[in-house]
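Following: one structure in structure tokens, then a few remarks.
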Amino acid sequence: MLAIRPATSAEAQDLAKIGLAAWEKAIRVWGEDAERLRDNARDAYYDFCTRCWPDILVAEWDGDVAGWGSCEKADDFITDLWVLPEFQNRGIGTALLDEIEAGIMARGFPSARLDTHARNLAAIRLFKRMRYRVKTYFVTYSDPLDEDIDKVEMIKEFEPGNDPGGEPRDPGTDDYSLYDN
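Residue numbering for the sequence shown follows UniProt numbering, beginning at 1 and increasing consecutively.
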């Protein structure tokens, strides 16, 4: 059974490990060298989870911590969404995203924004199913990884009176449709 709750400060190291494991799985799909980037990524996750634990929502699956998400500055920008690889494809990321979006709506924002690596096709598919659309493609320098990263910014406009999740839509199955709006 799935439960979502606020993080505690004592969980920072465990949450960092979840973020790192999910990140490593994602970057290996497109052939990135996880070994080369691991130490910097591990430190970045630990730093974030230690500083921002009050802004993190945790997903538990049958009592096991399975994932987490964050809207770090309590605005409309979702900074993180990570699910342990062995818990993926169970609706955990979708449930976390719904909860984070509900918080964004409660704060009065008309939309939610996020960005992800441009080659993270699994994440882009999830976000498109959740009614996000690609707003822009950009390249940004990552201090923790010490390299440029290709990203896409995605946005979801909330419809008045609707829950944030709404009806998922099928983004199509070919990779080219991932960037279509």
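Virtual Cβ for every residue (Gly too), placed ideally from N, Cα, C.
Quiz item: Does the separation of the CB atoms of residue 78 and residue 92 fall below 7 angstroms?
Solution: no
- Hey, out of 147, 47, 51, whose CA is closest to residue 32's CA? 147
Nearest to residue 72 (by Cα), restricted to the options 114, 5, 64, 26: 114
query: How long is the line joining the alpha carbons of residue 153 and residue 1, rounded to whole angstroms?
result: 32 angstroms
Q | Assigned secondary structure, residue 18 (DSSP; H/G/I helix, E/B strand, else coil) | A | helix
Suppose the cutoff is 6 angstroms on Cβ atoms and the five residues either side in sequence are ignored; what does the same chain contact list for residue 7 look like? 53, 56, 58
- Give, in chain order, every unbroken run of the beta strand (DSSP E) that is at least 3 residues long and sits entirely within the stretch 60 to 89. 64 to 70, 80 to 83
Please specify which runs of the alpha helix (DSSP H), each continuous and at least 4 residues long, are wholly inside the stretch 112 to 165, giving them in chain order. 121 to 129
How about residue 83 and residue 22: do their beta carbons lie closer than 7 angstroms? yes
Item checked: Distance between residue 139 and residue 61 (C-alpha atoms, nearest Å) -> 35 angstroms
For residue 5, does the three-state DSSP call read helix, strand or coil? strand
Roughly how many angstroms lie between the CA atoms of residue 109 and residue 20, to the nearest whole one?
-> 30 angstroms
- Cβ of residue 75 less than 7 angstroms from any chain E Cβ? Among the chains in the structure shown there is no chain E, since it carries only a single protein chain.
Answer with buried or exposed for residue 9, where buried requires no fewer than 16 other C-beta atoms within 10 angstroms of its C-beta.
exposed
inquiry  = Out of 70, 38, 50, which one is the CA nearest neighbour of residue 4?
reply    = 70
With C-beta atoms as the reference, is residue 156 less than 7 angstroms away from residue 112?
yes
Alpha carbon of residue 46 to alpha carbon of residue 26, nearest angstrom | 18 angstroms
### Beta-carbon gap between residue 34 and residue 24 smaller than 7 angstroms
yes
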